[in-house]
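Enquirer: Residue numbers for the sequence shown follow the working numbering, so the first one is 7 and each next one is one higher. Yeah, the Cβ is synthetic: ideal placement off N, Cα and C, and Gly gets one too. The structure presented is a predicted model; accordingly, all values stated were derived computationally and were not measured.
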Amino acid sequence: MQNNTNPMFNNNKFKLGLFSINCSGGLAMTTVKESWLNSWENNLKIAPLADEAGLEYLLTLSRWMGYDGETHFHSNVLESVSWPSTLLAATRRIGVISTIHTSLHNPVILAKQLATMDHISVGHVGLNMVCGWNRQEYEALGGELFLVIKIVINMFKNGLI
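Encoded structure:
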């Protein structure tokens, strides 16, 4: 059964949403005391507010390691598949978009996770697929940063694409 209630497919040409509320500091690399605290409690407060305000989406940032230094930017990040599932259950209309790294997620497991999220939200789930860029994160997880690029080049050389 097709569900056209996902707000990402509404008639608004300009979509509004919140990005990286699952990360400490959000997108602001700052030392101000008012910097975003990405606690579960704060996320559970802001998601319904965004939903009621009519925003179309909440978009996760997928990070595995934070930065050192004075700000400790993104030293605390709520995971980008399980975290959206919980917010989908706490909202009614807003789309919640998981961000995944293509070479770090098993596609079969991810498909099952997204199908479950779709059932929870009745069609408000989204997926943002990225290749990634942070070599330290890939190495920490035993991955290879440019593996996807190497696979595509090999497919091209062999006439598969």
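1) Counting along the chain, where does the alpha helix (DSSP H) carrying valine 114 start and finish?
2) Across which residues does DSSP place asparagine 134 in a beta bridge pair?
3) Could you check if alanine 34 is buried or exposed, using at least 16 other CB atoms within 10 Å of its CB as the buried criterion?
4) What is the DSSP secondary structure of phenylalanine 162, reduced to helix, strand or coil?
5) I'd like to confirm the pairing. Which residues does DSSP put opposite phenylalanine 25 in its beta bridges?
6) I need the DSSP call for methionine 7, collapsed to helix, strand or coil.
7) How would you call tryptophan 46, buried or exposed, if buried means at least 16 neighbouring beta carbons within 10 angstroms?
8) Hey, out of Glu40, Leu147, Ser91, whose CA is closest to threonine 77's CA?
9) How about asparagine 28 and asparagine 44: do their beta carbons lie closer than 8 Å?
10) Just mark alanine 53 as buried or exposed, buried being the case when its beta carbon has 16 or more other beta carbons within 10 Å.
11) Any contact of the segment 121-130 with the segment 64-76, i.e. 3+ C-beta pairs under 8 Å?
12) I'd like to check one pair, asparagine 140 with serine 104: are the Cβ atoms closer than 8 Å?
13) Give the straight-line distance between the Cα atoms of glycine 132 and glycine 165, rounded to the nearest whole angstrom.
14) Cα separation between isoleucine 159 and glutamate 150?
15) For a minimum of 4 consecutive residues, which ranges assigned as the alpha helix (DSSP H) are wholly contained in the segment 45-94?
16) Residues in its own chain within less than 7 Å of methionine 14 by CB, not counting five upstream and five downstream?
Expert: Looking at the coordinates:
1) As a working mapping, residue 114 is identified with position 108 in the sequence shown. Its alpha helix (DSSP H) spans residues 113-127.
2) Numbered from 1 along the sequence shown, position 128 holds the residue referred to as residue 134. Looking at the DSSP assignment, asparagine 134 forms a beta bridge with Thr105.
3) Position 28 of the sequence shown, counted from the start, is the residue given in the question as residue 34. Exposed, because fewer than 16 other Cβ atoms sit within 10 Å of the Cβ of alanine 34.
4) Position 156 of the sequence shown, counted from the first residue, corresponds to residue 162. Helix, per DSSP.
5) Position 19 of the sequence shown, counting from 1, holds the residue named residue 25. BP columns for phenylalanine 25 point to Leu65.
6) As a working mapping, residue 7 is identified with position 1 in the sequence shown. Bear in mind that the predicted position of methionine 7 carries a pLDDT of just 40, short of 50, making it unreliable; the figure below should be weighed with that in mind. Coil, per DSSP.
7) Translated into positions along the sequence shown, residue 46 becomes position 40. It counts as exposed.
8) Here residue 77 is taken as the residue at index 71 of the sequence shown, counted from 1. Residue Glu40 is the option with its Cα nearest to threonine 77.
9) Looking up residue 28 in the sequence shown gives position 22. Looking up residue 44 in the sequence shown gives position 38. Cβ atoms of asparagine 28 and asparagine 44: closer than 8 Å.
10) Position 47 of the sequence shown holds residue 53. Buried, because 16 or more other Cβ atoms sit within 10 Å of the Cβ of alanine 53.
11) no
12) The sequence position of residue 104 within the sequence shown is 98, counting from 1. The sequence position of residue 140 within the sequence shown is 134, counting from 1. Taking 8 Å as the Cβ cut-off, serine 104 and asparagine 140 do not qualify as a contacting pair.
13) Within the sequence shown, residue 132 is the residue found at index 126, counting from 1. Within the sequence shown, residue 165 is the residue found at index 159, counting from 1. Those two C-alpha atoms are separated by around 32 Å.
14) Taking the first residue of the sequence shown as position 1, residue 159 is located at position 153. Taking the first residue of the sequence shown as position 1, residue 150 is located at position 144. If you take the alpha carbons of isoleucine 159 and glutamate 150, they lie about 15 Å apart.
15) 46-59
16) The residue you call residue 14 lines up with position 8 of the sequence shown. If we look at methionine 14 and ignore the five residues flanking it on each side, its Cβ neighbours are Lys21, Glu62, Tyr63, Gly101, Gly132.
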